[in-house]
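Here is the structure we will look at, set down as structure tokens.
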Amino acid sequence: MLVTTPSRDLATGLVSALSATTTGTSPDTSTGPGSAPTDGPARVVIDLDLPGATISRHLYGHFAEHLGRCIYEGFFVGEDSALPNTRGIRDDVVAALRALRIPNLRWPGGCFADDYHWKDGIGPREERPRMVNSHWGDIVEDNSFGTHEFMDLVELLDTEAYVNGNVGSGTVAEMSEWIEYLTRADDSPMASLRRENGRDEPWKVPFFGIGNEAWGCGGNMRAEDYAALARQYSTYVRDQGGDPGNTVTRIAAGASDDDFAWTEALMRAVKNLEGRDGEAGPYQAISMHYYTMSGPWEDKGSATEFSQEEWYRTLSRAARAEELVARHSTVMDHYDPHKKVGLVFDEWGTWWNVEPGTNPGFLYQQNTVRDALVASIHFDGFHRHADRLIMANIAQTVNVLQAMILTDPESGALVLTPTYHVFAMNAGHQDARALDAHVLLPEEPAEVDGRALPMISASASTTGATALVSLSNLDAAEPRTLVLDLRGRSVTGHTARVLTGASSAAHNTPEQPDAVAPAELSDVRAHERGLEVTLPPHSFATVELQLAD
Ligand code: AHR
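Quick note: the sequence shown uses full-length UniProt numbering, first residue 1, plus one each step.
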């Protein structure tokens, strides 16, 4: 089955050599989740004693935009809400996300970021000016959730802030003052203003975005024009001194999908890439965005009602994310062989048609077992590219696109999605070291959407004392038995968990919150090569191994 991949408002000018393989007609097996043939049973071969790059915990990052019911109702209900809250922030949402150990939270957008003027969101709430949220529903935003509320949320979550600045409609001075307001300790004008608004200590802001999607909603710019602005704006996002000080990773707004020319323009504009001394500058990372959908942009498909063909097409498109990471990394390698500049995949996930009856501008969608496998496939790819990929942010955390948490608009009841459970089951990969996981399958991979799609996706990591193996069975209908061929270290014990549902479209609701929830995977047996595991159809599993000294 060959289906054309959708493209969003792409900039022109592709890097032809790279693009050719992503748009060709024969299945591409050069990047992305691979498998090799074998005469024997299906196997995943892991050398437990050969750890590779560290998988940054920031690959499990999050995103909260002023969009639909993400901030308002999702995170923030106000102090007067009947729902238990701390200074207006929902306690149940905080508890659920703390359990995930979310490493960072991006805010305030997305497209909203390039309309946002941060000074409108400080000071007494009743005096804050209003604005129009033109991208998302064309509604009036009252700015009641602003800088102090966001940083309060960050502290309650025990996470790190990724603040996204405004290039499209903002000024250099505005951006410069925001980082001063956030992170400066002394009595500078902005630090004093922060104190007047009730916060004495500076906050830490380790990540700062220099605009968003500058090729589209962030200003409709050409790559070279934006690259020049990214250099200029980044210069004024200063590390503020003081004790203990704040060091910022500045993230230039990167490409959509396979726009490698955009990445190349940004890489050409970075300074200090020669040699090992000296920091890259004036920005230290560049981003990329790619969303998974089963149809074209105009009709992305239903979140919950899909055919088997759409199931496989969706998973193939999820696998394309790794291919894109690999190819953007190749462009970066050319200019930056020492990997001084990080790649930040700060918007990824499924994008379906909105749930029937909901505001089309609010991007509210359900989340099924299919979304869970989209997430697990992304993570397998992220782990394999941990040497260049320093951060990733799913879009978005609550009530928007591929959310972790859905809240009921009437009762406020909170539901954890299948995607939430993948993040929870994979949490042990955070800051562990990647292990190669070679997938060997007796059958040829299916060709789906112009891409070879093996029915097993896998990745692994180790902390030294333990190893974590993630396994996805992409087969919609059949279970899969495979051998974990474990080499190089002795395994002294294991625990295994599985996530699946009665159907590939199973999902959680307030009435059935655990229709898709992790359970013990009992179908694991000792095998002469390690372990033999049977995965149910359309399932995700993790096997944690205890390793001998
Ligand atoms: O996540 C929704 C939107 O998708 C973001 O605001 C924008 O950056 C992207 O186009």
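We put the beta carbon where it would ideally sit given N, CA and C, even for glycine.
Taking the straight line between their C-alpha atoms, what separation do you get for residue i and residue j?
i, j, result
"leucine 179", "alanine 446", "Checking the displayed sequence, the identity of residue 179 turns out to be isoleucine instead of leucine. Going from the Cα of isoleucine 179 to the Cα of alanine 446 covers about 50 Å."
"aspartate 436", "threonine 397", "29 Å"
"isoleucine 456", "alanine 372", "14 Å"
"alanine 519", "serine 188", "54 Å"
"serine 144", "leucine 471", "43 Å"
"threonine 534", "glycine 52", "27 Å"
"glutamate 127", "asparagine 399", "28 Å"
"tyrosine 72", "phenylalanine 362", "12 Å"
"residue 552", "aspartate 39", "Nothing can be reported for residue 552: it is not among the residues displayed for the chain, which extend from 1 to 549."
"glutamine 402", "leucine 83", "24 Å"
"serine 459", "glycine 170", "42 Å"
"alanine 517", "histidine 538", "13 Å"
"residue 560", "tryptophan 352", "A question about residue 560 goes unanswered here, because the residues of the chain that appear run from 1 up to 549."
"arginine 250", "valine 341", "10 Å"
"alanine 252", "aspartate 243", "27 Å"
"phenylalanine 423", "leucine 100", "7 Å"
"proline 510", "glutamate 478", "29 Å"
"methionine 221", "alanine 214", "6 Å"
"alanine 191", "aspartate 258", "41 Å"
"glycine 110", "aspartate 225", "20 Å"
"alanine 255", "serine 287", "7 Å"
"alanine 506", "alanine 386", "31 Å"
"threonine 330", "serine 35", "21 Å"
"proline 282", "proline 206", "15 Å"
"glutamate 310", "serine 294", "6 Å"
"lysine 301", "glutamate 444", "The residue you asked about is not lysine; residue 301 is glycine in the sequence shown. Straight-line Cα distance between these residues: approximately 28 Å."
"valine 498", "arginine 525", "15 Å"
"proline 409", "arginine 529", "51 Å"
Along the chain, where does the beta strand (DSSP E) that runs through residue i open and close?
i, result
"leucine 373", "Where leucine 373 is concerned, there is no enclosing beta strand (DSSP E), although the alpha helix (DSSP H) it sits in stretches over 369-384."
"arginine 497", "491-499"
"serine 470", "466-473"
"glycine 342", "342-350"
"arginine 480", "480-487"
"alanine 460", "456-462"
"histidine 438", "437-441"
"leucine 547", "539-547"
"tyrosine 162", "160-165"
"threonine 534", "530-535"
"histidine 527", "524-527"
"valine 354", "Element bounds for valine 354: n/a, residue is neither H nor E."
"glutamate 447", "446-448"
"isoleucine 390", "389-394"
Tell me which residue opens and which closes the alpha helix (DSSP H) that residue i is part of.
i, result
"phenylalanine 150", "147-157"
"tryptophan 311", "308-335"
"tyrosine 420", "418-425"
Are residue i and residue j closer than 8 Å when you measure CB to CB?
i, j, result
"asparagine 272", "alanine 280", "yes"
"isoleucine 55", "aspartate 333", "no"
"proline 285", "glutamate 355", "A small correction: the amino acid at residue 285 is alanine; proline does not occupy that position in the sequence shown. Going by C-beta atoms, alanine 285 is not nearer than 8 Å to glutamate 355."
"glycine 168", "glycine 209", "no"
"proline 103", "glycine 61", "yes"
"asparagine 426", "threonine 542", "yes"
"leucine 474", "leucine 453", "yes"
"asparagine 246", "proline 202", "yes"
"leucine 468", "histidine 494", "no"
"glutamine 232", "threonine 183", "no"
"glycine 88", "isoleucine 122", "no"
"isoleucine 405", "leucine 315", "no"
"isoleucine 46", "leucine 486", "yes"
"asparagine 166", "histidine 117", "yes"
"threonine 463", "glutamine 546", "no"
"tyrosine 364", "glycine 68", "yes"
"serine 461", "arginine 433", "yes"
"histidine 438", "valine 44", "yes"
Can we count residue i as close to the ligand MN, meaning its CB is less than 7 Å from some heavy atom?
i, result
"leucine 401", "The ligand MN is absent from the structure shown, which contains only the ligand AHR."
For this session: Count the CB pairs spanning the region 382-398 and the region 342-361 that are closer than 8 Å, and state whether there are at least three.
Result: Enough Cβ pairs lie closer than 8 Å, so yes.
Problem set entry | Segment contact, 8 Å Cβ cut-off, at least three pairs: the region 362-381 with the region 409-423 | Segments in contact, yes.
For this session: Could you tell me which uninterrupted alpha helix (DSSP H) segments, each at least 4 residues in length, are contained entirely in the region 179-217, listed from first to last along the chain?
Result: Runs of the alpha helix (DSSP H) lying entirely within the region 179-217, each at least 4 residues long, are 189-196 in chain order.
For this session: Go through the region 234-290 residue by residue and report every complete run of the beta strand (DSSP E) that reaches 3 residues or more, in order.
Result: With a minimum length of 3 residues, the continuous beta strand (DSSP E) runs that stay inside the region 234-290 are 249-256.
Exercise. Where are the alpha helix (DSSP H) runs, 4 residues long or more, that stay fully inside the region 57-124, in chain order?
Worked result: The region 57-124 contains these whole alpha helix (DSSP H) runs: 91-100.
Exercise. Touch check for the region 308-326 and the region 377-386: three-plus C-beta pairs under 8 Å?
Worked result: The region 308-326 is in contact with the region 377-386.
Exercise. Would you call the region 83-97 and the region 42-52 in contact, with 3 or more CB pairs under 8 Å?
Worked result: Taking 8 Å as the limit for Cβ pairs, the verdict is that the region 42-52 does not touch the region 83-97.
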